[in-house]
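Undergrad:
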Amino acid sequence: MIVGIDHIELVVKDVKEYVEFYQKLGFKLLTWTDHHGGSAELQLPGENQPIFEIHAVMTEENPGINHISFKVVDIDKTHAELVAKGVKFHKDVHPSRATGRKNALLRDPDGWRLQLSDANRGDPEPGRS
Numbered sequence: 117m118i119v120g121i122d123h124i125e126l127v128v129k130d131v132k133e134y135v136e137f138y139q140k141l142g143f144k145l146l147t148w149t150d151h152h153g154g155s156a157e158l159q160l161p162g163e164n165q166p167i168f169e170i171h172a173v174m175t176e177e178n179p180g181i182n183h184i185s186f187k188v189v190d191i192d193k194t195h196a197e198l199v200a201k202g203v204k205f206h207k208d209v210h211p212s213r214a215t216g217r218k219n220a221l222l223r224d225p226d227g228w229r230l231q232l233s234d235a236n237r238g239d240p241e242p243g244r245s
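At the far end of the sequence shown sits residue 245, using our numbering, and the numbering has no gaps.
1) Compare the beta carbon distance of Pro249 and Lys144 with 9 Å and say whether it is the shorter of the two.
2) What's the C-alpha gap between Lys187 and Ile118?
3) Opposite Ser185 in the DSSP bridges: which residues?
4) Touching or not, the segment 118 to 137 and the segment 180 to 198, by the rule of three or more beta carbon pairs under 8 Å?
5) Would you identify the three-state DSSP class for Lys193, choosing helix, strand or coil?
6) Report the start-end ranges of each beta strand (DSSP E) in the segment 132 to 175 that is 3 residues or longer and not cut off at the edges.
7) Given that a residue counts as buried once 16 or more other Cβ atoms are within 10 Å of its Cβ, and exposed if not, what is Ser245?
8) So what's Ala76 in DSSP terms, helix, strand or just coil?
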């Protein structure tokens, strides 16, 4: 069951510049990693706020929104329920080395990238936090 937006991933030209900008708007820096050639997670104060995951432009990407991730309570159960309803995933449930939790990837009818993310955050691999 989807219970909220987990994060919105933005692809940007200068991660440091974006972090500084969003901090001025009141966001707090949660993590900084080398993931995707430089990546940061920012969040507004308060409970249940979605995370803005910001990473540098990679060769195949343009600046903009990379994907929207939906928070789920039980990713394996939710994945199975959606598959039973005919939803097609282009990457089934898998662990993320960068965040230490499970994700599944799909696209909406227009091809926008969507992600399901387990609400339980684990521990990232060493060197990825």
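The beta carbon of each residue, even a glycine, is placed where N, CA and C say it ideally should be. For clarity, every value in this text was computed on a predicted model and none was experimentally measured.
TA: With the structure as the only source:
1) It is not possible to answer for residue 249, since the shown part of the chain is limited to 117 through 245.
2) 6 Å
3) His123, Gln231
4) yes
5) helix
6) 144 to 149, 155 to 159, 167 to 172
7) Caution applies to Ser245, whose pLDDT of 44 falls short of 50 and renders its modelled position unreliable; the model cannot decide the point.
8) Here the chain covers residues 117 to 245 and nothing more, so residue 76 does not appear.
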